[in-house]
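Taken in order, the sequence shown gives residues 2 to 581; the numbers are from the numbering used here. C-beta atoms are modelled at their ideal positions from N, C-alpha and C, and glycine is treated no differently.
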Amino acid sequence: MTTNPTKRPSGYDVLLSALRAWGVTTCTGVTGGGLLHFLQNLEPHPGRREEPRGEESPWFFTLGEYAAGFTPLGSYLAAGGLGCCVATTGAATKLLSCGLSDAKLHDIPAVFLVPLCSTKSQGLSPLQDTSPLGSNIVPQIQAELPGGVFVLDQPATLIPQLRRAQHRLQQSKPIVLVIEPNLLKLPSGEESCHFHPLRPPEAKPEDVRHFVKTFHAAAEGRRVVILAGEELARAPRAPRLTTRLCEQLGASLVWSINGANGVERQNPWGHGYISFGGNDAAMDVWKDLGEEDVLLVLGACPDEYTVNLQPYPAGKTFVVTSIEDGYGQLDGSFAHRSRHEFHQWVTPLDSALHALVEHLEHSPPRTRRASPAPANLNHTPRPPPRPGFVDLRQLFTQLDSRWAPGTLGFDDVCLSYKDRQYVTQRPHPNARFFSLYRGSAMGNVLGLCIGARLASPDSHVVGFTGDGCFRLFAGCLSEASHLDLLLFVLDNSSYGIVEQALPTILPGIQTSRRHTQLTPMEFGDIARACGWVGFELKPDLTNLDAILSLHRARAGQSILVTIPVDSEQVLGLNPRAGNL
2 MTTNPTKRPS GYDVLLSALR AWGVTTCTGV TGGGLLHFLQ NLEPHPGRRE
52 EPRGEESPWF FTLGEYAAGF TPLGSYLAAG GLGCCVATTG AATKLLSCGL
102 SDAKLHDIPA VFLVPLCSTK SQGLSPLQDT SPLGSNIVPQ IQAELPGGVF
152 VLDQPATLIP QLRRAQHRLQ QSKPIVLVIE PNLLKLPSGE ESCHFHPLRP
202 PEAKPEDVRH FVKTFHAAAE GRRVVILAGE ELARAPRAPR LTTRLCEQLG
252 ASLVWSINGA NGVERQNPWG HGYISFGGND AAMDVWKDLG EEDVLLVLGA
302 CPDEYTVNLQ PYPAGKTFVV TSIEDGYGQL DGSFAHRSRH EFHQWVTPLD
352 SALHALVEHL EHSPPRTRRA SPAPANLNHT PRPPPRPGFV DLRQLFTQLD
402 SRWAPGTLGF DDVCLSYKDR QYVTQRPHPN ARFFSLYRGS AMGNVLGLCI
452 GARLASPDSH VVGFTGDGCF RLFAGCLSEA SHLDLLLFVL DNSSYGIVEQ
502 ALPTILPGIQ TSRRHTQLTP MEFGDIARAC GWVGFELKPD LTNLDAILSL
552 HRARAGQSIL VTIPVDSEQV LGLNPRAGNL
């Protein structure tokens, strides 16, 4: 979009200038209402890879608001880029809010843009009334995102507001931009507007040196265990550096669901995932932690699915996080999550980890070295499924041996986000997998996959979803039909995770009162009607290779695969069931 140099830029000009500077290349959502004046400046996304467009405004990709709310998260997880989603005035804002919740809970920077109805209509019962007399939408969002909501309703304060919003984005936090459509059409009061690109946080050398020396002294004569948290997935050098660190310290390594992306598969000290979907070897290491041990947490991860509401149990806990005042901190610290002595540093993980490794190479500490991890990280027997169903152990094992380089995967809130990591045990060198488990909003996977595809067009994008999750995004399949996505639907005609947890939560409950059963659907027929290719995976997996080959060929059509699953086949751990 170009502006007349003799004319002061409008509020929309300023807003678009900020989005371009922040690196937003695509907005997703549905047009209408208060978005019309904003979206007239955006070209429709062509649905294929395009060359960079320089100073042009972002593309607009039409997508139902529920799925659209997750696309910026998929963009960030795939390529570290900032994404934007929009909702029309009023109730549609709430459809974005599940994605907003997960962005907050996983410390993901993203832009959510929503309009207000005109101030001139307040008190006149306007359609989609967002005022305090109607849905009172601004206080609603502010209650969930204090300090992260920026109301752009005054042309004179537009630039300062957007610069404050940029500061929040640089702190790995989502923002909500609330626009008053009529006022943004007016001149902004500025002769020109300029925004700097987002900058990653800078390392603090003195803090890093203090951390390295303090940790070195604490590790002397003690056993060290390392927990790889999900922030580690954002540190480019993390996989190799964590291996070197384990070698130097003789330290056992365990990881969270997303923290696996900061770990090398061949790390000899890698004991696996802990807690939800965790591996037996990792849980043995974690349960053995005590007052004589040192715990190094790389990218704080004290959520329920990782530590099951329990404090860090080591005698000395060291947390390194790159996010100031991130989710889970109180007064800027995770100290309340530690049972004993606690230290925390806020500094970029990549540089801190590199500095620690370099220091230990020159001054190796005399630690109590652990034994390498066993080849098989699970030792608890797990039964096969009943006849006629796919054995998820075999499926995830075969997929794990076949992932092509550049695979990006997402697990929806279904059995996959508990069982995949249990079966595969270690991260894959060709594939990065993510789960938005902290908010656990069902049906997030389509939006995540679309966001990943738009941000990383050369990647192979794969999603796992459940038959319950599918119902939340099925109406948006058509928009993704030509994006070459591969979507597996775990079909057990039930809310499988609840079904498996009920015997622990409510032993002896009557089947009729479980409320977990779903009406069967023909997922392949639905997919084909929406322009996808539909398959049903055979229980013996004999058509799996043909499906994967078609996906890798990038034939221009997305693929949906129905997997007949036995809800009675229990694989991954679910410690949360004991909390309910």
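Go ahead and pull the three-state DSSP assignment for residue i.
i, result
"P6", "Bear in mind that the predicted position of P6 carries a pLDDT of just 49, short of 50, making it unreliable; the figure below should be weighed with that in mind. Residue state, collapsed to three classes: coil."
"T398", "helix"
"I324", "coil"
"Y313", "strand"
"P53", "Bear in mind that the predicted position of P53 carries a pLDDT of just 47, short of 50, making it unreliable; the figure below should be weighed with that in mind. P53: coil per DSSP, three-state reduction."
"W287", "helix"
"P156", "helix"
"G33", "coil"
"D468", "helix"
"L538", "coil"
"G579", "helix"
"A475", "helix"
"A442", "coil"
"D420", "helix"
"L545", "helix"
"V308", "helix"
"D14", "helix"
"P161", "helix"
"D567", "coil"
"F39", "helix"
"L572", "coil"
"P59", "coil"
"E44", "strand"
"H272", "strand"
"H582", "Nothing about residue 582 can be read from this structure; the chain reaches only from 2 to 581."
"Q518", "strand"
"R266", "coil"
"T425", "helix"
"A166", "helix"
"H1", "What is shown of the chain runs 2 to 581, which leaves residue 1 out entirely."
"L484", "coil"
"A19", "helix"
"L561", "strand"
Considering residue i, what are the terminal residues of the alpha helix (DSSP H) in which it resides?
i, result
"Q141", "138-145"
"N505", "Checking the displayed sequence, the identity of residue 505 turns out to be Thr instead of Asn. Start and end: 497-506."
"I527", "524-530"
For the beta strand (DSSP E) that contains residue i, what are its first and last residues?
i, result
"C450", "Segment 446-456 is the alpha helix (DSSP H) holding C450; no beta strand (DSSP E) there."
"A371", "First-last for A371: undefined, no H or E at that position."
"A432", "432-436"
"H298", "Before going further, note that residue 298 is Val rather than His in the sequence given. Looking at the DSSP string, the run of the beta strand (DSSP E) that includes V298 is 294-299."
"S509", "At residue 509 the sequence reads Gly, which differs from the Ser that was named. No beta strand (DSSP E) contains G509, which DSSP labels as neither H nor E."
"F277", "Counting along the chain, F277 falls outside any beta strand (DSSP E), and DSSP gives it neither H nor E."
"D412", "408-412"
"F489", "487-492"
Round the Cβ separation of residue i and residue j to the nearest angstrom and send it over; I've been treating them as touching at under 8 Å.
i, j, result
"P237", "D351", "6 Å"
"G190", "R9", "7 Å"
"G532", "L561", "About 11 Å; that fails the 8 Å criterion."
"C1", "V391", "The first residue shown for the chain is 2 and the last is 581, placing residue 1 beyond what the model contains."
"S495", "T517", "5 Å"
"I227", "T244", "Not quite, the Cβ-Cβ distance comes to about 11 Å (not below 8 Å), so this is no contact."
"L484", "R454", "5 Å"
"P202", "P110", "So it is not a contact: roughly 12 Å between Cβ atoms."
"T29", "C86", "5 Å"
"S372", "N493", "Actually they do not touch by this definition, with Cβ atoms about 39 Å apart."
Does any CB atom of chain C fall closer than 8 Å to the CB of residue i?
i, result
"R9", "The question asks about chain C, but that chain is absent: this structure has only one protein chain."
Residue ranges of each alpha helix (DSSP H) within the region 62-121, 4 or longer: 66-69, 72-80, 93-106
- prompt: Can you list the beta strand (DSSP E) stretches of 3 or more residues lying completely in the region 169-254, in chain order?
  reply: 176-180, 224-229
task: Check whether the region 268-275 touches the region 445-464, taking contact to mean three or more Cβ pairs, one atom from each stretch, closer than 8 Å.
output: no
message: My parser needs the beta strand (DSSP E) runs of 3 or more residues fully inside the region 328-365; what are they?
response: 342-347
message: Quick check: the region 237-257 against the region 279-295, are at least 3 beta-carbon pairs closer than 8 Å?
response: yes
task: For the region 374-385 and the region 346-365, state whether three or more C-beta atom pairs, one from each stretch, are separated by less than 8 Å.
output: no
- request: Examine the Cβ distances between the region 93-101 and the region 63-74 and report whether three or more of them are shorter than 8 Å.
  value: yes
task: Evaluate the contact criterion for the region 308-328 versus the region 286-294: three or more CB pairs, one atom per stretch, below 8 Å.
output: yes
message: Under 8 Å: do the region 402-411 and the region 440-454 share three or more Cβ pairs, one atom per stretch?
response: yes
- request: Indicate whether the contact test is met: 3 or more Cβ pairs, each with one atom in the region 212-224 and one in the region 30-39, closer than 8 Å.
  value: no
- prompt: Is it true that the region 413-430 meets the region 73-91, where meeting means three or more beta-carbon pairs spaced less than 8 Å apart?
  reply: no
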